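> Chains as they are written, first to last, in the numbering used here: chain A, 4 to 226; chain B, 4 to 226. No residue lacks a Cβ here, since even glycine has one placed at the ideal position from N, Cα and C. Just so you know, these numbers come straight off a predicted model, no measurement behind them.
Protein chains: 2
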Amino acid sequence: MVYDDSAKPSVTVDMVVFTIIEGKLNVLLMKRGVEPSKGKWALPGGFVNIDEKLDDAAKRELFQETGVKDIYLEQLYTFGDPHRDSRGRVITVAHFALINLEKQKQELKATNHSVDAKWHQIDNLPELAFDHKKIFEYGLKRLRWKFEYSTVPYSLLGDKFTMSQIQKVYEIVLNKKFDKRNFAKKILTLGILKKEEIKKDVSHRPPRLYSLKIPIGEIIETI
Amino acid sequence: MVYDDSAKPSVTVDMVVFTIIEGKLNVLLMKRGVEPSKGKWALPGGFVNIDEKLDDAAKRELFQETGVKDIYLEQLYTFGDPHRDSRGRVITVAHFALINLEKQKQELKATNHSVDAKWHQIDNLPELAFDHKKIFEYGLKRLRWKFEYSTVPYSLLGDKFTMSQIQKVYEIVLNKKFDKRNFAKKILTLGILKKEEIKKDVSHRPPRLYSLKIPIGEIIETI
DNA sequence: GCAAAAGTGTTCAATGTACACCCATGC
DNA sequence: GCATGGGTGTACATTGAACACTTTTGC
């Protein structure tokens, strides 16, 4: 070891996990069962193991706490104010994640992990522990930024989707409406969608399904 | 303390510091005086003190090692691969910095700090220690991104500058040429420059000086 | 008067925005 | 046949890109 261990900060990961539920943008929060801030809501997260990559730590914590896996995850920012945590010096590497709840449903039901984890609509959040409000806001800003400049929005959708499903996701996250002709034009000229079959069994004109040509997150590199 | 200190990673800050020298983009490197990688070049950086903010640690290390201060600094990314440093688990919070060397000149000369610090042209870098090549490349990407979408380019200029000085800085960093009519039009329509006086004593048509209306870094928030 | 860099406008292409009607299905 | 959401094109404004000549100064 390089210097006196007692002078070392602790390192945690925290996650701002977004999903869409019933047409609303939601973020995952945990009710804290221990001090400090016992009973308050906080972002999911925990300590990084000594031999573990940062994003592996984030995925492990999220799975342990909620049973959720197979998510889109990227690093957000590192918060290291000396007094952000009353337990001592705790530096947290915040991450940003998106999940499609439909794909996870069995998972969530099959485990008991989610007892103190709950989705909250972002326009109606409780008070958050530590500096988690700031971290959440940073995550929300990143989310909206990503919707302008990347393919990550598709991680909120299934493998195949209709144009109006894409549009709804954008409208929910960016909190504004789009003209559907212009929206379709813009999305299609990006050239990232592959035409799939026409969806059947709907009580209106059957829509075309699309899928992604390229992996999620590939179009513009995170900066 | 929260858990066994021996299982704690160490936390460092590293910096990718850019400047322009003689029309070329340069990055600051330190020759390592101790193992591991003794004799190799590395990004400036060091351990974070227990009661110190991350960006304060970055500024302190940079000042200790080079005598440089008053720089533009922002957090870049946190690199935490368990095997990135042979000394053990070392998580580094990388930062990105820009300095105007003209403003620093007295400083650099007045101190002895710079003995093993040296500016290197970015198209002619030596082999770097640890994963610093990756960190450098991430910093360069961020630098170019910032030139498209923010006012940070002005941190490479003095308080007053001519349009062609701005253009040169952009051309050096982005490594391409611009048409001066289009360039001036684009910069001026951003509305961030204030007209200053006309520069005198040049052996050609005297240019107008400009200054920044708003603080550096304000136009677009870092994401 | 000449060398050096400064300053300045128009045309064209591409992109973004506003806007409305018909279509295919289930019931 | 009607309710539901799906699909599509044109006109206009804005933005970005190409392009060349005149101006002001020091020497």
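When burial is assigned at 16 or more other CB atoms within 10 Å of the CB, is Thr192 (chain A) buried or exposed?
Position 189 of the first sequence, counted from the first residue, corresponds to residue 192 (chain A). Its Cβ having fewer than 16 others within 10 Å, Thr192 (chain A) is exposed.
> Given a limit of 7 Å on CB to CB distance, which residues of the stretch 51-83 of chain B reach chain A?
Here the close residues are Val51, Ile53, Asp54, Glu55, Lys56, Leu57, Gln78, Tyr80, Thr81, Gly83.
> Go to Val172 (chain B), then tell me how far its alpha helix (DSSP H) extends in each direction, as first and last residue.
Counted from its first residue, the second sequence places residue 172 (chain B) at position 169. Taken as a continuous stretch (DSSP letters only), the alpha helix (DSSP H) holding Val172 (chain B) covers 166-177.
> Counting only C-beta atoms, is Ala10 (chain B) closer than 8 Å to chain A at any point?
Looking up residue 10 (chain B) in the second sequence gives position 7. Closer than 8 Å: yes.
> Can you give me, in chain order, the residues of the stretch 10-24 of chain B that have a beta carbon less than 8 Å from any beta carbon in chain A?
Cβ contacts with chain A: Ala10, Lys11, Pro12, Ser13, Val14.
> Using three-state DSSP, classify His86 (chain A) as helix, strand or coil.
In the first sequence, the residue the question calls residue 86 (chain A) occupies position 83. It is coil, neither helix nor strand.
> From A:Ile190, A:Pro209, A:Glu140, A:Ser158, pick the residue whose C-alpha is nearest to that of Asp73 (chain A); which is it?
By one-based count along the first sequence, residue 73 (chain A) stands at place 70. Residue A:Ser158 is the option with its Cα nearest to Asp73 (chain A).
> Rounded to whole angstroms, how far is the Cβ of Ala1 (chain B) from the Cβ of Phe133 (chain B), which I believe are closer than 8 Å?
This structure gives no information on residue 1 (chain B), because the portion of chain B shown stretches from 4 to 226.
> Which residues in chain B have a C-beta closer than 7 Å to the C-beta of Val37 (chain A)? List them in chain order.
Translated into positions along the first sequence, residue 37 (chain A) becomes position 34. Those within 7 Å of Val37 (chain A) in chain B number zero; the least Cβ separation is about 11 Å.
> Kindly indicate which three-state DSSP category Asn185 (chain A) falls into: helix, strand or coil?
Counted from its first residue, the first sequence places residue 185 (chain A) at position 182. Of the three classes helix, strand and coil, the one that applies to Asn185 (chain A) here is helix, per DSSP.
> Beta-carbon within less than 7 Å of Arg147 (chain A)'s beta-carbon, same chain only, minus the 5 sequence neighbours each way: which residues are those?
Within the first sequence, the letter at position 144 stands for residue 147 (chain A). Counting only Cβ-Cβ distances below 7 Å, and skipping sequence neighbours, we find Val176, Leu177.
> At the level of alpha carbons, what is the spacing between Pro85 (chain A) and Lys56 (chain B)?
Working through the first sequence from its first residue, we reach residue 85 (chain A) at position 82. Working through the second sequence from its first residue, we reach residue 56 (chain B) at position 53. Distance between the alpha carbons of Pro85 (chain A) and Lys56 (chain B) is about 6 Å.
> Shorter than 8 Å from the beta carbon of Asn96 (chain B) to some beta carbon of chain A?
In the second sequence, the residue the question calls residue 96 (chain B) occupies position 93. Asn is not the amino acid found at residue 96 (chain B); the sequence shown has Val there. It does: the Cβ of Val96 (chain B) has a partner Cβ on chain A nearer than 8 Å.
> Among B:Ile219, B:Val71, B:Tyr141, which has the Cα closest to the Cα of Thr154 (chain B)?
Within the second sequence, numbered from 1, the residue matching residue 154 (chain B) stands at position 151. Comparing Cα-Cα distances from Thr154 (chain B) to each of B:Ile219, B:Val71, B:Tyr141, the minimum goes to B:Ile219.
> Going by DSSP in three states, Leu104 (chain B) sits in which element: helix, strand or coil?
By one-based count along the second sequence, residue 104 (chain B) stands at place 101. The answer is helix: DSSP assigns Leu104 (chain B) an H, G or I state.
> DSSP on Val20 (chain A), reduced to helix/strand/coil?
As a first step, residue 20 (chain A) must be located in the first sequence, where it is residue number 17. Three-state result, Val20 (chain A): strand.
> I think Gly83 (chain B) touches Ser13 (chain B), with their Cβ atoms under 8 Å apart; what is that distance to the nearest whole Å?
Working through the second sequence from its first residue, we reach residue 83 (chain B) at position 80. Working through the second sequence from its first residue, we reach residue 13 (chain B) at position 10. No, Gly83 (chain B) and Ser13 (chain B) are not in contact; Cβ-Cβ is about 11 Å, not under 8 Å.
> From the DSSP output, in three-state form, read off Glu130 (chain B) for me.
Here the question's residue 130 (chain B) lines up with position 127 in the second sequence. Coil, per DSSP.
> Below 8 Å, can you find three or more Cβ-Cβ pairs linking the stretch 160-173 of chain A to the stretch 205-214 of chain A?
With the cut-off at 8 Å, the stretch 160-173 of chain A and the stretch 205-214 of chain A touch.
> Given this structure, state the Cα-to-Cα distance separating Lys41 (chain B) from Arg87 (chain B), to the nearest angstrom.
Looking up residue 41 (chain B) in the second sequence gives position 38. Looking up residue 87 (chain B) in the second sequence gives position 84. So the two alpha carbons sit approximately 16 Å from each other.
> On the DSSP letters alone, give me the boundaries of the beta strand (DSSP E) that Arg211 (chain B) sits inside.
Here residue 211 (chain B) refers to the residue found at position 208 when the second sequence is read from its first residue. Arg211 (chain B) -> beta strand (DSSP E) spans 211-215.
> Return the CA-CA distance between Thr69 (chain B) and Gln78 (chain B), expressed in angstroms with no decimal places.
Counted from its first residue, the second sequence places residue 69 (chain B) at position 66. Counted from its first residue, the second sequence places residue 78 (chain B) at position 75. Roughly 19 Å between the two C-alpha positions.
> Considering only DSSP beta bridges, list what Asn29 (chain A) is partnered with.
Numbered from 1 along the first sequence, position 26 holds the residue referred to as residue 29 (chain A). Answer by DSSP bridge pairing, in chain order: A:Thr22, A:Gln124.
> Pro85 (chain A) CB to nearest chain B CB: under 8 Å?
For this step, residue 85 (chain A) is matched to residue 82 along the first sequence. Yes, Pro85 (chain A) lies at the interface with chain B (some Cβ there is under 8 Å from its Cβ).
> Start and end of the alpha helix (DSSP H) containing Lys43 (chain A)?
As a working mapping, residue 43 (chain A) is identified with position 40 in the first sequence. Premise fails: Lys43 (chain A) is in no alpha helix (DSSP H) and is neither H nor E.
> For Val19 (chain A) and Lys34 (chain A), what's the separation of their Cα atoms in angstroms?
What you label residue 19 (chain A) is simply residue 16 of the first sequence in a count that begins at 1. What you label residue 34 (chain A) is simply residue 31 of the first sequence in a count that begins at 1. Going by the C-alpha atoms only, they are around 15 Å apart.
> Measure the beta-carbon distance from Leu131 (chain A) to Lys43 (chain A) and round it to whole angstroms, keeping in mind my assumption that it falls under 8 Å.
For the purposes of this step, residue 131 (chain A) is taken as residue 128 along the first sequence, with counting starting at 1. For the purposes of this step, residue 43 (chain A) is taken as residue 40 along the first sequence, with counting starting at 1. Yes, they are in contact, since the Cβ atoms of Leu131 (chain A) and Lys43 (chain A) sit about 7 Å apart, within 8 Å.
> According to DSSP, which residues form a beta bridge with Leu76 (chain A)?
In the first sequence, residue 76 (chain A) corresponds to position 73, counting from 1. Its beta-bridge partners are A:Ala100.
> Looking at Thr81 (chain A) and Thr81 (chain B), is the spacing between their C-beta atoms short of 8 Å?
Residue mapping note: residue 81 (chain B) aligns to position 78 of the second sequence, counting from 1. Residue mapping note: residue 81 (chain A) aligns to position 78 of the first sequence, counting from 1. Yes.
> With respect to the alpha helix (DSSP H) encompassing Val138 (chain A), which residues constitute its N-terminal and C-terminal limits?
By 1-based counting over the first sequence, the position of residue 138 (chain A) is 135. First, the residue type needs correcting, since residue 138 (chain A) is Ile and not Val in the sequence shown. Unbroken alpha helix (DSSP H) run through Ile138 (chain A): 135-152.
> If you draw a straight line from the alpha carbon of Asn127 (chain B) to that of Phe164 (chain A), how long is it in whole angstroms?
Against the second sequence, residue 127 (chain B) aligns to sequence position 124. Against the first sequence, residue 164 (chain A) aligns to sequence position 161. If you take the alpha carbons of Asn127 (chain B) and Phe164 (chain A), they lie about 48 Å apart.
> Starting from Leu65 (chain A), trace the beta strand (DSSP E) both ways and give me its first and last residue.
As a first step, residue 65 (chain A) is located in the first sequence; it is residue number 62 there, counting from the start. Premise fails: Leu65 (chain A) lies in the alpha helix (DSSP H), 57-69, not in any beta strand (DSSP E).
> Please determine, among A:Arg184, A:Ile138, A:Leu215, A:Gly161, the residue with the shortest C-alpha to C-alpha distance to Leu104 (chain A).
Indexing the first sequence from 1 puts residue 104 (chain A) at position 101. Looking at the Cα atoms, A:Gly161 is the closest of the given residues.
> Report the option in B:Glu38, B:Pro47, B:Lys216 whose CA atom is closest to the CA atom of Val30 (chain B).
Here residue 30 (chain B) is taken as the residue at index 27 of the second sequence, counted from 1. Ranking the options by Cα distance to Val30 (chain B), first place goes to B:Pro47.
> If I measure Cβ to Cβ from Phe181 (chain B) and keep anything under 8 Å in the same chain, skipping five residues before and after, which residues do I get?
As a working mapping, residue 181 (chain B) is identified with position 178 in the second sequence. The residues are Gln170, Tyr173, Glu174.
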